[in-house]
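All residue numbers for the sequence shown refer to this note's numbering, where the first residue is 6 and numbers rise by one.
C-beta atoms are modelled at their ideal positions from N, C-alpha and C, and glycine is treated no differently.
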Amino acid sequence: MAQRGRPKKLEKQIEAAQQLMQSLYAEKRKEHAEKATANLTEEQEKAIKQTNEALTDFVQEFSDMFDVSVDTARKLHFSFWALRHAFGTDE
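Encoded structure:
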């Protein structure tokens with residue numbers, strides 16, 4: 006829908022430009038992600054996957070019932086230490 010004072014033709018051009026930018030951004034993002042994951046060790050990939058799963062469980066449980074099960078808390082705990090060890094962030 007055209008905004009007040011804008012011709013529909015201009016609105017269509019703006020929409021087309023936004024869609025083009027979104028597709029270019031998605032391509033670049035995919036390219037960067039592939040480069041980044043190509044350099045990970047197996048242990049690092051496993052730690053990232055484990056953390057992603059634990060965080061997904063946590064967010065879903067917390068948004069559903071504003072509470073977190075012991076199992077999910079345990080997953081977060083283990084994934085925290087897996088990340089810490091895999092990426093050498095021990096200080």
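Within the model, the alpha-carbon separation for Asn44 versus Glu50 is close to 10 angstroms. If only complete runs of 3 or more residues are kept, the segment 26–65 shows no beta strand (DSSP E) anywhere. If you ignore the 5 residues before and after Ala87, its C-beta comes within less than 6 angstroms of the C-beta of Ala52 and Gln55, all in its own chain and listed in chain order. For Ser84, the enclosing alpha helix (DSSP H) stretches over residues Val75 to Ala91.
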